[in-house]
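*Asks:* Take this structure, written in structure tokens, and hold onto it; I'll ask about it next.
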Amino acid sequence: MIRTLPNSKAYLTGYKLFIAIFFVFLFSPLVITMILAFNNSMFPSLPWKGFTLDWFFGKGPEKIGLFHDSINLRGIANSFRVAVTVSILSTIVGTMAAFLFEQEDFKFKGALYFLMIAPLVIPGVILGISILLFTNAISIFLDDNFGIYIKALSPSFWLVVMGQFSFITTIVTMIVSARLRKFDRTLEEAAFNLGANKFEVIWFITLKYLRPSIIGGAAIAFLMSFENFNTTLFLIGA
139 MIRTLPNSKA YLTGYKLFIA IFFVFLFSPL VITMILAFNN SMFPSLPWKG FTLDWFFGKG
199 PEKIGLFHDS INLRGIANSF RVAVTVSILS TIVGTMAAFL FEQEDFKFKG ALYFLMIAPL
259 VIPGVILGIS ILLFTNAISI FLDDNFGIYI KALSPSFWLV VMGQFSFITT IVTMIVSARL
319 RKFDRTLEEA AFNLGANKFE VIWFITLKYL RPSIIGGAAI AFLMSFENFN TTLFLIGA
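Each residue of the sequence shown is one higher than the last, beginning at 139 in the numbering used here.
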């Protein structure tokens, strides 16, 4: 739809109807899940058997509420720790990678970019198993030949972070790159002509322009990490 051109009433009606259906399709599962969380039933399904808060605050043997379930709370806390760590690391490295691919020319740039996006097309289960086997082989080699044991190479918190970092960083890089590609570099040249140094130009001009994409990339990285299961399952030692 081109906003500067007039559109027929039927077109506008169809456009609005499509948007409405899209959001209904997107949010309906979430709304249904939220409603069933208050259903007084042993299973999250219809029919409705009454309103209850037992699934949040219950202490009984049959209905243990979320806030009294130490196992679930510990799992949520661990997921939050991993997500925060992965989002911070992915945002920093992904932003630097965006600068590398968008503003620098070097040999084998295309090959390196291909290697960066490769984890996105690999199923999470295969990626998790591959990382586990690779790090396990390195750990055994270091232990047998040098007597060095690195805990981060065995199923643990940091192995999960490294595993998720390997593909979530690519997402952040692509998000930041999309905005950096539209950046007018004459703004940097003008700042240099006015006496600004390299750090000031990057901090006050380039990064300020990239702020929306960096924040968006960090948010997506956090959500992707928090909900990831198939890769994490093989790296946490479950």
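All residues carry an ideal CB built from backbone N, CA and C; glycine is no exception. As the structure is a computational prediction, the values presented were derived from the model and not from experiment.
1. Is the distance from the Cβ of S363 to the Cβ of V224 below 8 Å?
2. Going by DSSP, what residues sit across from K187 in a beta bridge?
3. I'd like the ranges of any alpha helix (DSSP H) spanning at least 4 consecutive residues and lying wholly in the stretch 172-225.
4. Contact between the stretch 233-247 and the stretch 300-315: three or more CB pairs below 8 Å?
5. Enumerated in chain order, which unbroken segments of the alpha helix (DSSP H) with a length of 4 residues or greater are wholly contained in the stretch 224-290?
6. Does the distance from the CB of F181 to the CB of F195 come in under 8 Å?
7. Kindly indicate if chain D contains any beta-carbon less than 8 Å away from that of A221.
8. At what residues does the alpha helix (DSSP H) containing S363 begin and finish?
9. Where do the ends of the alpha helix (DSSP H) carrying R317 lie?
10. Under 7 Å Cβ to Cβ from N210, same chain only, skipping five residues before and after it: list those, please.
11. Where do the ends of the alpha helix (DSSP H) carrying F321 lie?
12. Just confirm the distance between the C-beta atoms of L291 and I276, as a whole number of angstroms; I'd bet it's less than 8 Å.
13. Less than 8 Å separating the beta-carbons of F367 and L270?
14. Output yes or no for whether 8 Å exceeds the beta carbon distance between V220 and F295.
15. Cβ of R317 within 8 Å of Cβ of L348?
16. Distance, Cα to Cα, V162 vs V259?
17. Compute the Euclidean distance between the alpha carbons of N216 and I202, then round it to the nearest angstrom.
18. Under the assumption that T229 contacts V298 (Cβ atoms under 8 Å), give the Cβ distance between them as a whole number of angstroms.
19. Please report the straight-line C-alpha distance between L253 and K247, rounded to a whole angstrom.
20. Thinking C-alpha only, which one of G355, N331, S179 is nearest A235?
21. Can you say whether P257 is buried or exposed, counting buried as having 16 or more other CB atoms within 10 angstroms of its CB?
22. Between P261, P293, I264, V169, which lies nearest to N274 when the distance is taken from Cα to Cα?
*Replies:* Let's see:
1. yes
2. Per DSSP, none; premise fails for K187.
3. Entirely contained in the stretch 172-225, the alpha helix (DSSP H) runs reaching 4 residues are, in chain order, 192-195.
4. Segments in contact, yes.
5. 247-255, 262-284
6. no
7. The structure shown contains no chain D, having only a single protein chain.
8. Start and end: 345-365.
9. 295-318
10. L204
11. No alpha helix (DSSP H) contains F321, which DSSP labels as neither H nor E.
12. 6 Å
13. Contact flag unset, no.
14. yes
15. yes
16. 29 Å
17. N216 and I202 have their alpha carbons spaced roughly 20 Å apart.
18. Contact flag wrong, Cβ pair sits at about 18 Å.
19. 10 Å
20. If we check each option's Cα against that of A235, G355 comes out closest.
21. buried
22. Residue P293 is the option with its Cα nearest to N274.
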